[in-house]
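Peer 1: Below are the structure tokens for one structure; questions will follow.
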Amino acid sequence: MQAIFIAYDQAHHEAILDLLEKNSCRGFTSFGETQGRGSVKGDPHYGSHAWPSLGGAILTIVEDHRLQPVLDKLKALDESKPLLGLRAFVWPVTHTI
Numbered sequence: 001m002q003a004i005f006i007a008y009d010q011a012h013h014e015a016i017l018d019l020l021e022k023n024s025c026r027g028f029t030s031f032g033e034t035q036g037r038g039s040v041k042g043d044p045h046y047g048s049h050a051w052p053s054l055g056g057a058i059l060t061i062v063e064d065h066r067l068q069p070v071l072d073k074l075k076a077l078d079e080s081k082p083l084l085g086l087r088a089f090v091w092p093v094t095h096t097i
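Numbering of the sequence shown is given in UniProt numbering, commencing with residue 1 and proceeding in unit increments.
As structure tokens, then:
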């Protein structure tokens, strides 16, 4: 199993939920409104007067065979709207309860 942490512009939220649903990734935790700034480019997401946009974050745990299809679709979503911003990070899940 693999953990995928997805950080994104809030405008991507519904598309990411739909993507997870269509790829049978039922379980996830959404962190709601988040603040942050990309490490390479893009505007900050601070929810302030100067930087009014916000981000979102989702953590989902997927079976190994679902990982690459989900990452491929997330990459396509990011590339379709490059100014919004979307990143995904993967960690192995070694134990669960």
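C-beta: ideal position from N, C-alpha, C; glycine also.
Please classify residue 97 as buried or exposed, where buried requires at least 16 neighbouring CB atoms within 10 angstroms.
Peer 2: Walking along the sequence shown from the start, residue 97 turns up at place 97. Exposed, since its Cβ has fewer than 16 Cβ neighbours within 10 Å.
Peer 1: I'd like the list of long-range same chain contacts for residue 5, defined as Cβ closer than 6 angstroms, with 5 residues on each side in sequence excluded.
Peer 2: Residue mapping note: residue 5 aligns to position 5 of the sequence shown, counting from 1. The residues are 59, 89.
Peer 1: Would you call residue 62 buried or exposed, if buried means 16 or more other Cβ atoms sit within 10 Å of its Cβ?
Peer 2: In the sequence shown, the residue the question calls residue 62 occupies position 62. Result: buried.
Peer 1: Please tell me whether residue 34 and residue 50 are closer than 7 angstroms, where the distance is taken between their beta carbons.
Peer 2: Translated into positions along the sequence shown, residue 34 becomes position 34. Translated into positions along the sequence shown, residue 50 becomes position 50. Not in contact: residue 34 and residue 50 (Cβ atoms no closer than 7 angstroms).
Peer 1: In angstroms with no decimal places, state the Cα-to-Cα distance between residue 46 and residue 11.
Peer 2: Position 46 of the sequence shown, counting from 1, holds the residue named residue 46. Position 11 of the sequence shown, counting from 1, holds the residue named residue 11. The straight-line gap from Cα to Cα measures roughly 14 angstroms.
Peer 1: Are the Cβ atoms of residue 84 and residue 9 separated by less than 7 angstroms?
Peer 2: Walking along the sequence shown from the start, residue 84 turns up at place 84. Walking along the sequence shown from the start, residue 9 turns up at place 9. Yes, the pair counts as a contact, with Cβ atoms nearer than the cut-off.
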